[in-house]
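Numbering follows this note's numbering, in which position 20 of the sequence shown is assigned residue number 20; successive positions increment by one, without gaps.
Please read the structure below before turning to the comments.
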Amino acid sequence: MDNQYHFVTHWRVRASIDEVMNILADSTDLPRWWPAVYLDVVRIKAGDANGVGEEVSLYTKGWLPYTLRWDFRVAEVERGRRILIKAQGDFIGQGEWTFAQDGDWVDITYDWRIEAEKPLLRQLTWLLRPIFSANHHWAMARGLESLELELARRRATSDEARAHIPAPPPPTTRLPFVLAAVAVILLGWLILRRD
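As structure tokens, this is what we get:
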């Protein structure tokens, strides 16, 4: 059974690499600024001055009606260039953030190579890979939107200006009815086709 996933996400934001790395490196702050995905984050072990060795426990979700529990350890940090994490739990693998300054903009790439270990994901990958992939892309799109809002919040020069910045997208509370109907029809069709 092929339960491996490889996603490469590209973001581009008007910021400095330091601004972006400072936001991403503060893992316990993820539920505040990226709440659509990060429901809870607990630091298990602090890292060194660059964050290397930090261990974190996460409770996450996308727009699909399931949650994931996983941990990561910060394996490498090259200040101004990259952050590498090693994941275990419902995911096993690694994620690598890389950063390149382009004038006033930062090009950000996230390379996520994992094996899905959660039984639901592992057992249904053969059937629902496109839906699981869409869930990841949705989560990363919320991340970009949330990062841009967080940058704006941090740059606001007054509480009044900060109050006018919208809140980040919240977590989804249910699967849209249309998507659920399509999934049920597709699953039924595949089951009938196998018989």
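From the three backbone atoms N, C-alpha and C, an ideal C-beta is built for every residue, glycine too.
- Exposure of Asp40 is indicated by the presence of fewer than 16 other C-beta atoms within 10 angstroms of its C-beta.
- For Asp159, no beta strand (DSSP E) segment is defined; the enclosing uninterrupted segment is the alpha helix (DSSP H) at Asp159 to Ala163.
- With the rule of 3 Cβ pairs closer than 8 angstroms, the region 165-175 counts as touching the region 21-41.
- Our two residues, Arg162 and Ala156, have alpha carbons roughly 5 angstroms apart in a direct line.
- The DSSP-derived three-state label of Ser57 is strand.
- Trp105 sits exposed, since fewer than 16 C-beta atoms from the chains shown fall within 10 Å of its C-beta.
- In its chain, beyond the 5 residues on either side, His10 and Thr98 have a beta carbon closer than 6 angstroms to the beta carbon of Thr109.
- Taking Asp71 as reference, the option from Ala134, Ala25 and Gly93 with the minimal CA-CA separation is Gly93.
- Counting only residues of its own chain and dropping the five nearest sequence neighbours on each side, Trp112 has a CB closer than 6 angstroms to the CB of Phe7 and Gly95.
- Note on geometry: alpha-carbon atoms of Tyr59 and Leu68 lie some 6 angstroms from one another.
- Per DSSP, the unbroken alpha helix (DSSP H) holding Glu145 starts and ends at Pro119 to Arg155.
- For the region 7-37, the continuous alpha helix (DSSP H) assignments of 4+ residues that do not extend past its boundaries occur at 17-25 and 30-33, in sequence order.
- Spatial neighbours of Leu121 in its own chain (CB-CB distance under 6 angstroms, excluding positions within 5 residues in sequence) are not present.
- DSSP lists Leu58 as the beta-bridge partner residues of Val41.
- At a Cβ-Cβ threshold of 8 angstroms, Gly51 and Ala25 count as neighbours.
- Minimum Cα-Cα distance from His136 among the listed residues Glu78, Arg43 and Leu64 corresponds to Leu64.
- The secondary-structure analysis by DSSP pairs Gly95 across a beta bridge with Ile85 and Trp112.
- In the three-state scheme derived from DSSP, where H, G and I count as helix and E and B as strand, Tyr5 is classed as strand.
- Counting only the Cα atoms, Gly103 lies some 15 angstroms from Arg81.
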